Each structure stands twice: as structure tokens, then as C-alpha cells.
Amino acid sequence: MAVRPTDKRLTARPGDGFTLVELLVVIAIIGILVALLLPAVQSAREAARRAQCTNNMKQIGIALHMAHDSHGGMPQAAGYYPGEDPTGGSALPPPEIVNATTGPAKLGSIQYHLLPYMEESALHDSMHGWTMNFFNSGNSGPPAPVVYRCPSETSTADGVVGPMDDGRSWGGGNYVANVQALNHWWNNPSQSRIGSGVGTIDEPLFRSTHSQPRPLTHPQFRHITDGTSKTIAFAERYALCGVEMSYDSGRTHWLGTRAVQFDNVFAWNDQYKRRGVPQLEGKDDFLNTMDVPQIAPSPQNCNDLLTQTPHQAMTILLLDGSVTSIAGDIDFLEWRHFVLPTDGMDLPPGG
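Following full-length UniProt numbering, the numbering of the sequence shown begins with 1 at its first residue and continues without gaps.
As C-alpha cells, then:
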């Protein structure tokens with residue numbers, strides 16, 4: 001008697017299974033679905049990254065207010081904190097600070113001075129003397145804490161700028177302090193930069209011998225007569241702007257204490273009219289470092305004197321602790337009102 005086969009493979013009909021054409025159709029459909037879903041996934045990821053950038057700003061704002069409450073004033077954009085300037089405003093800190101070997105540092109950037117209020121006390125105490133001198137003494141700058149780095153910004157792979165032409169690297173950050181509102185320790189009368197200018201150079205409260213905000217050691221909210229809800233504390237900037245790996249290239253050194261475009265501040269008066277808005281465009285030399293933000297420029301072609309954002313709108317922290325966004329088409333005068341703390345000008349309607 002014949003045995004019936006029980007293996008289905010032996011009884012399969014020629015029409016069973018997928019043909020090559022059917023398989024290709026399925027693959028094509030899957031490819032189309034992936035192509036349709038990928039932009040949505042990328043958009044969701046970027047939204048998450050931007051939310052993290054905004055949250056970083058909020059944490060900086062909380063730390064700024066905690067520091068103000070603890071010491072009766074905020075750190076300067078760079079300066080001595082919480083103590084007073086022991087030199088009375090001379091050009092360089094005294095030897096006991098420059099040569100200190102134990103932490104914490106006495107003279108540093110505002111980003112450094114806010115570390116204890118963001119659960120970064122160990123990093124804060126690991127540096128000593130003067131943060132810029134600590135770096136210049138053969139140390140590479142430590143990477144900025146994640147709270148100072150926006151994940152959307154891609155000018156550096158890991159938040160480190162360098163190695164530079166001298167072999168060292170800088171820790172790059174993405175948030176810069178408004179020097180017009182927070183002031184700065186540097187007050188060297190031998191480098192007078194008085195110009196015709198507008199804005200704070202004509203405002204006695206914030207004026208110094210070189211047309212900059214005068215070095216109030218601990219700026220207070222009461223000094224912001226335009227209102228803390230109308231004045232920028234921090235804005236965004238690329239960690240590296242350009243491709244030149246040298247000491248003075250456009251980088252944002254989070255520990256920097258100089259009032260220049262390659263440290264941790266923006267809106268500093270630059271009499272030299274280097275890259276920026278030239279006076280030929282009708283704007284005073286004081287204003288060539290505080291023109292409107294750049295919106296999503298490439299890191300290779302951005303202007304290192306200005307602020308820039310990788311997003312489609314500039315995220316800013318106001319001195320009242322709130323975080324908001326400014327569109328790329330903001331008017332220059334409106335931006336100036338946000339930057340200057342005592343110009344007496346109100347924001348235009350809708351600002």
C-alpha cells in the first residue's frame with residue numbers, strides 16, 4: 001500500500017510562497033514607509049534636543065537666581081565671586097590669586113561661578129586661582145558640563161575645541177552671557193575705547209573708561225531698570241565658529257574671562273571693527289558685536305562676533321528666569337532693547 005507523504009514540502013503546489021516580483025514589491029513598500037517615517041522621527045529627535053537646550057537655559061536661570069539670593073548679587077559675566085575685587089579694578093589679579101594652588105578659583109567666568117548651584121561643586125572646587133590662568137598653566141580646558149552644551153549644536157563632536165596650534169584644547173560651551181547686563185571685571189584705563197556710540201556707553205550706571213559696562217562686582221536685579229523680563233541674561237552661540245584652530249579663532253570657551261568674541265560673553269564693544277557689522281553700514285563701532293542673531297548658519301560660515309543658534313529661532317534666557325525664543329527676522333532695534341538693561345526704551349508692540 002502506498003504511503004501518503006506527510007511533509008508539506010512534498011505536497012506544495014507551484015503557486016505557494018512569494019515570487020521574486022512580490023518580494024521586490026514588499027521591499028519597496030517598506031522603503032517607502034521608512035522614507036515617510038524618517039523625517040517624523042528626525043523631527044521628534046530634534047524637538048527633544050531643542051527641549052533639552054531650553055531646559056539647560058532654565059537651569060542656568062535658576063542657578064543665577066540662587067546665586068543672587070545667596071550673595072546679594074549675581075556673578076559678573078566674568079569676575080570675582082562671591083568676594084569683592086581685591087585690586088579695586090586693576091588690569092590683572094594679584095599674585096596670590098594668579099599663583100593659587102588650591103580651589104575654588106576666585107576669578108572666573110559666570111559659568112564657572114554658577115557650578116555650585118547646579119550640583120557641580122566638585123568640578124567647581126577642582127580649579128583654583130583664576131580660571132583663565134589655570135588653563136594657561138599647561139592645563140587643557142575641561143569639557144563644559146552638559147548643562148552648558150546644547151545637543152543640537154554640532155560644531156564640535158564632544159564639546160571640546162581643539163587641539164589648537166599650541167597643542168591645548170578648550171572646553172566649548174553653547175551659552176554666552178550678556179556683558180551689557182551682567183558687567184565684566186576687566187577695567188583697564190590704559191586701554192581706553194571711548195567712542196561716539198549709543199546705548200550703555202552713555203548710561204552712567206554701566207559706563208567705564210573704555211565704553212563698557214562698569215565693573216559692578218555683583219550686579220543686582222534692581223540695577224536692571226528696563227525690567228528683568230525685558231533684558232537678556234544668556235543667549236546661544238556655537239562652540240566653534242569657523243575652522244581656524246588658533247588661540248583667537250571664534251570659539252566659546254566656557255571658562256574664559258576675557259571680554260572678547262572667543263570667550264564666554266556677547267555684546268562687547270569692539271573698537272577694531274573686525275568681523276561683524278562694519279561702521280559703513282551705519283552702525284556705530286559699539287554695535288558691531290551686538291547685531292541680530294544668526295539663525296542656523298553653518299559652523300564653517302558663521303560670524304564669531306555675534307550670537308547664533310542651530311534652531312530656527314534663538315533661545316534666550318531673560319533675567320527674570322524665563323526662557324523664550326526670538327525669530328530670525330527680529331528688528332535690530334528690538335534686539336538692542338533686549339540686550340541693553342538701562343536704555344530706557346520699551347520693546348515695540350509684539351516684542
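Just so it is clear, CB atoms sit at the ideal spot from N, CA and C, and this is done for glycine as well.
What you are looking at is a predicted structure, and each value in this text was computed from that prediction instead of being measured.
Let me know if residue i comes out buried or exposed under the rule of 16 or more other beta-carbons within 10 Å of its beta-carbon.
i: V292; result: buried
i: N183; result: buried
i: E22; result: exposed
i: G159; result: buried
i: T19; result: exposed
i: G256; result: buried
i: G167; result: exposed
i: R222; result: exposed
i: P94; result: exposed
i: S298; result: exposed
i: T342; result: buried
i: D304; result: buried
i: L33; result: exposed
i: E96; result: exposed
i: residue 354; result: The question about residue 354 has no answer here: the residues shown for the chain are numbered 1 through 351.
i: I30; result: exposed
i: I27; result: exposed
i: E84; result: exposed
i: H37; result: Per the sequence shown, the amino acid found at residue 37 is Leu instead of His. When all chains shown are included, L37 counts as exposed.
i: F332; result: exposed
i: V161; result: buried
i: N301; result: exposed
i: S325; result: exposed
The beta strand (DSSP E) with residue i in it runs from where to where?
i: L182; result: Segment 179-182 is the alpha helix (DSSP H) holding L182; no beta strand (DSSP E) there.
i: F234; result: 232-236
i: I316; result: 313-318
i: S325; result: 323-327
In chain order, what residues of the same chain have a beta carbon less than 6 Å from the beta carbon of residue i, not counting five sequence neighbours either side?
i: V147; result: N56, Q59, M118
i: A100; result: H128, G129
i: H113; result: P75, Y81
i: Q220; result: G73
i: G328; result: I295
i: H65; result: G321
i: T156; result: G172, A239, L240
i: R149; result: G159, N174
i: F338; result: I232
i: A181; result: T231, P341
How far does the alpha helix (DSSP H) with residue i in it extend, from its first residue to its last?
i: V292; result: Counting along the chain, V292 falls outside any alpha helix (DSSP H), and DSSP gives it neither H nor E.
i: V339; result: 332-339
Mind checking who residue i pairs with in its DSSP beta bridge?
i: F266; result: N178
i: W254; result: Answer is none; W254 lacks a bridge partner.
i: G172; result: H253
i: C150; result: DSSP lists no partner for C150.
i: residue 375; result: The displayed coordinates of the chain run from 1 to 351. Any statement about residue 375 would go beyond what the structure contains.
i: L240; result: R251
i: V161; result: W170
Using C-beta distances below 7 Å, list every residue in its chain close to residue i, excluding the 5 sequence neighbours before and after it, in chain order.
i: D320; result: T228, S229
i: R50; result: S152, H311
i: Q52; result: P151
i: G103; result: D125, S126, M127, H128
i: A105; result: Y112, M127, H128, G129, W130, T131, F134
i: I330; result: V292
i: E46; result: S152
Once the 5 residues before and after residue i are set aside, which same chain residues still bring their CB inside 8 Å of it?
i: L123; result: L115, P142, P145
i: G344; result: T225, D226
i: L92; result: V98
i: R258; result: A78, M132, W186
i: T54; result: T315, V323
Segments of 4+ residues assigned as alpha helix (DSSP H) that fall wholly inside the region 58-145 = Complete alpha helix (DSSP H) runs here, min 4: 95-98, 110-113, 121-125, 131-136.
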